[in-house]
Every structure is written in structure tokens, then in C-alpha cells.
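Just below is one structure, and these are the notes that go with it.
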Amino acid sequence: MLIFTVCLAYLFLLAVNKTEANSQILIPSGEFNMGTEKGTQAERPLHPVWVDAFFMDRFEVSNKDYEKLNPNFQRSQASPCDDCPVTRVNWEEAKTYCQRLEKRLPTEAEWEKARRGPNEIDAESDKKKSRYGLSFEAGTAPVQSSIKNGYGLHHMEGNVWEWTNDWFDAKYYQNSPKKNPRGPSEGSRRSVRGGSWYNDIWYLQAGMRFRLAPDVKLNSLGFRCAKNS
4 MLIFTVCLAY
14 LFLLAVNKTE
24 ANSQILIPSG
34 EFNMGTEKGT
44 QAERPLHPVW
54 VDAFFMDRFE
64 VSNKDYEKLN
74 PNFQRSQASP
84 CDDCPVTRVN
94 WEEAKTYCQR
104 LEKRLPTEAE
114 WEKARRGPNE
124 IDAESDKKKS
134 RYGLSFEAGT
144 APVQSSIKNG
154 YGLHHMEGNV
164 WEWTNDWFDA
174 KYYQNSPKKN
184 PRGPSEGSRR
194 SVRGGSWYND
204 IWYLQAGMRF
214 RLAPDVKLNS
224 LGFRCAKNS
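Throughout the sequence shown, residue numbering follows this note's numbering, covering 4 to 232 in sequence.
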């Protein structure tokens with residue numbers, strides 16, 4: 004009986020690990036151009052950055068996945084379905100969720116590298132790929148509904164804004180490290196990326212930055228997790 008129980012436990016762990024492995028995509032190490040000259044001071048200058056390889060969630064964290072660890076969570080009316088992205092989660096709650104899965108929030112540099120894909124594509128105007136420019140009442144779409152980008156990631160532009168790990172500083176790019184930048188050591192706002200379903204395409208640019216207080220909870224704000232390779 005003991006051997007049978009141990010075998011069942013082992014098979015369960017294998018299944019969990021397989022699911023976990025399938026939920027993330029390896030983003031290869033390499034250099035890319037971070038920022039944009041089209042934006043504000045916060046996005047300039049366009050500068051080369053090296054990022055080590057890491058894993059990134061294929062999808063934004065969904066309601067059903069978030070509720071596995073937070074069963075009393077109340078869904079947003081703008082994002083009500085099981086597979087819709089979880090929203091109204093502040094920075095600390097997003098960070099805690101990732102940590103409980105032995106993951107973490109991505110840095111801004113990691114997020115932008117993953118967003119650009121292997122061909123460094125910037126703003127995407129194809130509404131079949133990006134959910135944006137809609138009325139607020141339209142709400143979110145299921146996390147797996149968009150066409151994947153060059154790395155195989157979904158909804159890296161539009162649908163919901165996504166938390167990153169970094170503090171925000173509009174002047175950070177002027178003196179940021181060229182390898183694995185991790186943002187300022189302190190601040191009052193955290194960086195968010197990607198735009199949402201009711202933003203116009205300007206906010207969907209790969210280099211576009213925005214910031215929010217870490218305790219903010221919005222109907223249009225979610226997250227995805229990253230992990231060291």
C-alpha cells in the first residue's frame with residue numbers, strides 16, 4: 004500500500020511538472036534595442052540591452068489559475084470568465100502568486116524582449132492579434148485567444164496591462180546597465196507594460212512604459228510570471 008501511494012504521488016508530481024513546463028516558454032539570451040525614440044523622455048534613448056535567458060508565461064494569469072491559490076478571490080466584472088485574465092490584483096499580490104509557484108515577476112527588460120519577439124517587432128495593428136481600441140464595456144478576452152507572437156506568447160500587447168518587477172524612473176534609461184537591468188533600487192511607482200483592450204495603439208508599442216502605485220487594483224491590470232532558466 005505504501006509503495007502504491009508513493010507511486011501515485013510521484014506520478015502526480017510528474018504531471019504537475021509537465022503542466023508547469025508547458026505553461027512557460029524559454030526566451031533565449033541576447034541583445035535587443037530597448038525603448039523607443041517615438042515616445043516620451045521615459046522611453047528614450049533607444050539603447051542596446053543584453054538579457055540572459057529566462058522563462059516567460061505563455062499566457063497572462065487567468066482567473067481559474069489564480070483562484071487555485073486564492074479561492075476567495077472576487078472576479079472583476081470586466082474579466083469574468085474562467086480563462087479571462089485575472090485583474091484587480093495589486094503588485095504585491097501578483098508577486099506573491101508568482102513566488103508561490105517558484106516564479107517571479109519579469110523585469111521591464113525581460114518583458115520588452117519577450118514582447119518584441121525574435122524579430123524585434125514593435126506596434127502591432129492587427130486586431131486579430133491584439134485586443135485594443137475597444138470600448139471599456141467590451142472587457143477582456145480569454146488569455147489564449149490571441150495569435151501568438153514570435154516567441155509563442157499570447158496577448159503581449161492589449162487585453163490587460165501587466166505588472167513588472169521594476170520600480171519606475173523616467174530617467175532610468177539615461178544610465179541603466181547594459182546587461183540585465185533591473186530598474187531603480189527604490190521608487191513610488193511600479194512599471195506596467197502592454198496596454199489594455201480600451202487603449203489605442205500608441206500604448207501597445209513595445210517600448211512604451213507606464214507606471215502605477217504598487218497598491219493599485221484596476222479592471223484593466225493583470226500580470227504574468229517569469230522564471231530563471
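The beta-carbon is built from N, C-alpha and C at its ideal position, and this holds for glycine as well.
From a predicted model like this one, the values you see are computed outputs, not experimental measurements.
Query, Result
"Among ASN66, MET37, PRO109, VAL146, which has the Cα closest to the Cα of VAL52?", "MET37"
"Where does the unbroken alpha helix (DSSP H) through ASP68 begin, and where does it stop?", "66-72"
"Given that a residue counts as buried once 16 or more other Cβ atoms are within 10 Å of its Cβ, and exposed if not, what is ASN122?", "exposed"
"Less than 8 Å separating the beta-carbons of PHE139 and TYR201?", "yes"
"So if DSSP puts PRO48 in a beta bridge, which residue, or which two residues, is it bridged to?", "The partner list for PRO48 (beta bridge, DSSP) is empty, contrary to what the question assumes."
"Return the chain-ordered list of same chain residues with a C-beta closer than 8 Å to the C-beta of SER26, the five sequence neighbours on each side being excluded.", "ASP60, ARG61, PHE62"
"Under the rule that 16 or more other beta-carbon atoms within 10 Å means buried, what is ASN231, buried or exposed?", "exposed"
"Taking its Cβ as the centre, do 16 or more other Cβ atoms sit within 10 Å of ASN178, making it buried, or is it exposed?", "exposed"
"From the DSSP output, in three-state form, read off TRP166 for me.", "strand"
"Rounded to whole angstroms, what is the Cα-Cα separation between LYS174 and ALA45?", "6 Å"
"Between the C-alpha atoms of GLU165 and GLY186, what's the straight-line distance to the nearest angstrom?", "16 Å"
"With DSSP collapsed to three states, give me the class of SER26.", "helix"
"Just grab the DSSP bridge partners of ALA229 for me.", "MET59, ARG107"
"Compare the Cα-Cα distances from TYR154 to each of VAL54, TRP170, PHE58, GLU111 and report the closest residue.", "PHE58"
"Taking buried to mean at least 16 other C-beta atoms within 10 Å of its own C-beta, is ARG134 buried or exposed?", "buried"
"Among ALA81, ASN75, PRO88, which residue has its Cα nearest to the Cα of PRO65?", "Residue identity differs from the one stated: residue 65 is Ser in this sequence, not Pro. Considering only alpha carbons, the answer is PRO88."
"Would TRP205 be called buried (16 or more neighbouring beta carbons within 10 Å of its own) or exposed?", "exposed"
"From GLU34 to ASP55, what does the alpha carbon distance come to, in whole angstroms?", "9 Å"
"With a threshold of 7 Å on Cβ separation, who are the neighbours of GLU189 within its own chain once the five nearest residues in sequence on each side are excluded?", "TRP170"
"Which partner residues of GLY33 appear in the DSSP bridge assignment?", "VAL54"
"For the putative contact between ILE28 and LYS116, defined by C-beta atoms under 8 Å, what is the C-beta separation to the nearest angstrom?", "In fact, because the Cβ distance is near 12 Å, the residues do not count as touching under 8 Å."
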